[in-house]
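Trainee: Dumping the structure here so I can ask a few things about it.
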Amino acid sequence: MNEKATYIVMLGPPGAGKGTQAKVLAEKLGLVHVSSGDLFRENLSNETELGKLAASYMNKGELVPDDVTIAMVKDRLSRPDCALGAVLDGFPRTPAQAQALNGILAEMNGRVDLVPFISVPNEVLVERLGGRWMSHSGRVYHAINNPPKVKWFDDIDGTPLYQREDDKPETVLHRINVYYEQTSPLIEYYRAAGSLVEIDGTRPIELVTDEIMKVVK
Ligand code: ADP
Ligand code: ADP
0 MNEKATYIVM LGPPGAGKGT QAKVLAEKLG LVHVSSGDLF RENLSNETEL
50 GKLAASYMNK GELVPDDVTI AMVKDRLSRP DCALGAVLDG FPRTPAQAQA
100 LNGILAEMNG RVDLVPFISV PNEVLVERLG GRWMSHSGRV YHAINNPPKV
150 KWFDDIDGTP LYQREDDKPE TVLHRINVYY EQTSPLIEYY RAAGSLVEID
200 GTRPIELVTD EIMKVVK
């Protein structure tokens, strides 16, 4: 049993900076970054059955069904590298997923300790997602706000960067709507549970990190 494990859930709309902050936090706190979107994209590039199923939803900007998503994240959290805890990014995204997460963590003697809710207005989200460049290992850049040292290439391993299929403007607007309809109820859910902390996500990346680190401590 891992009594001291810490679980942080990053909450916020697509493009708020969940992945960017989750990576830094996980590194600073010695926790594992668990991104449901990255897990789906890994399945996609490995051409697994789960990847093919997920792609049919992801490309339309819809959520992948709860049962497969929950099973995938449960499997990830049960691996030994998560023994000290995890920074969850992109999960939970529905009330059913939040309930399931409570059950999964309870089995591991843990709970959701903190939920930084990164709040950013819609027009900024559209601009951020439109300029998002990804590395195949999941590092996130922005054409203007956080450019790589060499245009279109990853700083660390030099591999080419790509733009996500679902970051096209029409899919982006739909994903933002899906967030308001299906995910935003989690704000009140975690507020009621006493774990929500609202973070102003419009400031530069480092200042957002500082604000989250203040509440973590
Ligand atoms: P973003 O970081 O831009 O919000 P993600 O990488 O988290 O996007 O997710 C990309 C897509 O993967 C989502 O639009 C959805 O199709 C699928 N997805 C990721 N996480 C979940 C989840 N928890 N539940 C259902 N679908 C998910
Ligand atoms: P999410 O995981 O919430 O969808 P990301 O972390 O992928 O969001 O960030 C979306 C885009 O916005 C990326 O291109 C990222 O480089 C950029 N970004 C993230 N945080 C900030 C910030 N505080 N200021 C400006 N740009 C940001």
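Using numbering that gives the first Met the number 0, the letters of the sequence shown correspond one by one to residues 0 to 216.
Ideal placement from N, C-alpha and C gives every residue a C-beta, glycine not left out.
Everything numeric in this text was worked out from a predicted model, so none of it was measured.
Using DSSP with H/G/I as helix, E/B as strand and the rest coil, what is ILE218?
Mentor: No answer is possible for residue 218: the residues shown for the chain start at 0 and end at 216.
Trainee: Given 8 Å as the limit, is there contact between the stretch 106 to 125 and the stretch 47 to 67, that is, 3 or more CB pairs closer than that?
Mentor: The answer is no - the stretch 47 to 67 does not touch the stretch 106 to 125, with fewer than three Cβ pairs under 8 Å.
Trainee: Quick one: does the C-beta of MET9 sit closer than 6 Å to a heavy atom of ligand 1?
Mentor: Numbered from 1 along the sequence shown, position 10 holds the residue referred to as residue 9. The answer is no for MET9.
Trainee: In the DSSP assignment, find the unbroken alpha helix (DSSP H) run with MET57 in it and report its ends.
Mentor: Position 58 of the sequence shown, counting from 1, holds the residue named residue 57. That run of the alpha helix (DSSP H) goes 48 to 57.
Trainee: Considering ASP66, what are the terminal residues of the beta strand (DSSP E) in which it resides?
Mentor: Here residue 66 is taken as the residue at index 67 of the sequence shown, counted from 1. Taken as a continuous stretch (DSSP letters only), ASP66 belongs to no beta strand (DSSP E), being part of the alpha helix (DSSP H) at 65 to 76.
Trainee: Below 6 Å, is the gap between the Cβ of HIS135 and the nearest heavy atom of ligand 2?
Mentor: What you label residue 135 is simply residue 136 of the sequence shown in a count that begins at 1. HIS135 Cβ: outside cutoff for every heavy atom of ligand 2.
Trainee: Taking 7 Å as the threshold (C-beta atoms), are LEU30 and VAL86 in contact?
Mentor: The residue given as residue 86 occupies position 87 in the sequence shown. The residue given as residue 30 occupies position 31 in the sequence shown. Their beta carbons are under 7 Å apart, which means VAL86 touches LEU30 by this criterion.
Trainee: Between which two residues does the beta strand (DSSP E) harbouring PRO115 extend?
Mentor: Taking the first residue of the sequence shown as 1, we reach residue 115 at position 116. 111 to 118 is the extent of the beta strand (DSSP E) around PRO115.
Trainee: So who's on the other strand from PRO159, going by DSSP bridges?
Mentor: Residue numbering aside, residue 159 sits at position 160 when the sequence shown is read from its first letter. PRO159 pairs with PHE152.
Trainee: Where does ASN145 fall in DSSP's three states?
Mentor: For the purposes of this step, residue 145 is taken as residue 146 along the sequence shown, with counting starting at 1. ASN145 falls in the strand class under three-state DSSP.
Trainee: Any heavy atom of ligand 2 closer than 6 Å to the Cβ of ILE143?
Mentor: Taking the first residue of the sequence shown as position 1, residue 143 is located at position 144. The answer is no for ILE143.
Trainee: Please find out if some non-hydrogen atom of ligand 1 comes closer than 6 Å to the beta-carbon of VAL149.
Mentor: Stepping through the sequence shown from its first residue, residue 149 is reached at position 150. No; taking the cut-off as 6 Å, the Cβ of VAL149 has no heavy atom of ligand 1 nearer than that.
Trainee: What I want to know is whether the C-beta of LYS22 ends up closer than 6 Å to one or more non-hydrogen atoms of ligand 2.
Mentor: Your numbering for residue 22 matches position 23 in the sequence shown. Taking 6 Å as the cut-off, one finds no heavy atom of ligand 2 near enough to the beta carbon of LYS22.
Trainee: Per DSSP, what are the beta-bridge partners of ALA85 in this structure?
Mentor: By one-based count along the sequence shown, residue 85 stands at place 86. Answer by DSSP bridge pairing, in chain order: TYR6, VAL31.
Trainee: Given 6 Å as the limit, tell me if ILE175 has its C-beta closer than that to any heavy atom belonging to ligand 2.
Mentor: Position 176 of the sequence shown holds residue 175. No.
Trainee: Following the continuous beta strand (DSSP E) through ARG131, name the residue where it begins and the one where it ends.
Mentor: By one-based count along the sequence shown, residue 131 stands at place 132. 131 to 133 is the span of the beta strand (DSSP E), which, as asked, contains ARG131.
Trainee: Please return the same chain residues whose Cβ sits closer than 7 Å to the Cβ of PRO146, not counting the five positions on each side in sequence.
Mentor: The count along the sequence shown starts at 1 and reaches residue 146 at position 147. Within the same chain, PRO146 has close Cβ partners TYR140.
Trainee: Could you name the residues that DSSP lists as bridge partners for VAL139?
Mentor: Against the sequence shown, residue 139 aligns to sequence position 140. VAL139 is bridged to MET133.
Trainee: Going by the beta-carbon positions, is the gap between ALA4 and GLY109 smaller than 7 Å?
Mentor: As a first step, residue 4 is located in the sequence shown; it is residue number 5 there, counting from the start. As a first step, residue 109 is located in the sequence shown; it is residue number 110 there, counting from the start. Their beta carbons are under 7 Å apart, which means ALA4 touches GLY109 by this criterion.
Trainee: Near PRO184, which residues of its chain fall below 7 Å by C-beta distance, leaving aside the five closest residues on each side in sequence?
Mentor: Against the sequence shown, residue 184 aligns to sequence position 185. Counting only Cβ-Cβ distances below 7 Å, and skipping sequence neighbours, we find PRO94.
Trainee: Pairs of beta-carbons, one from the stretch 12 to 19 and one from the stretch 196 to 207, closer than 8 Å: are there three or more?
Mentor: yes
Trainee: Is GLY137 near ASP37, with beta carbons less than 7 Å apart?
Mentor: Within the sequence shown, numbered from 1, the residue matching residue 137 stands at position 138. Within the sequence shown, numbered from 1, the residue matching residue 37 stands at position 38. Their beta carbons are under 7 Å apart, which means GLY137 touches ASP37 by this criterion.
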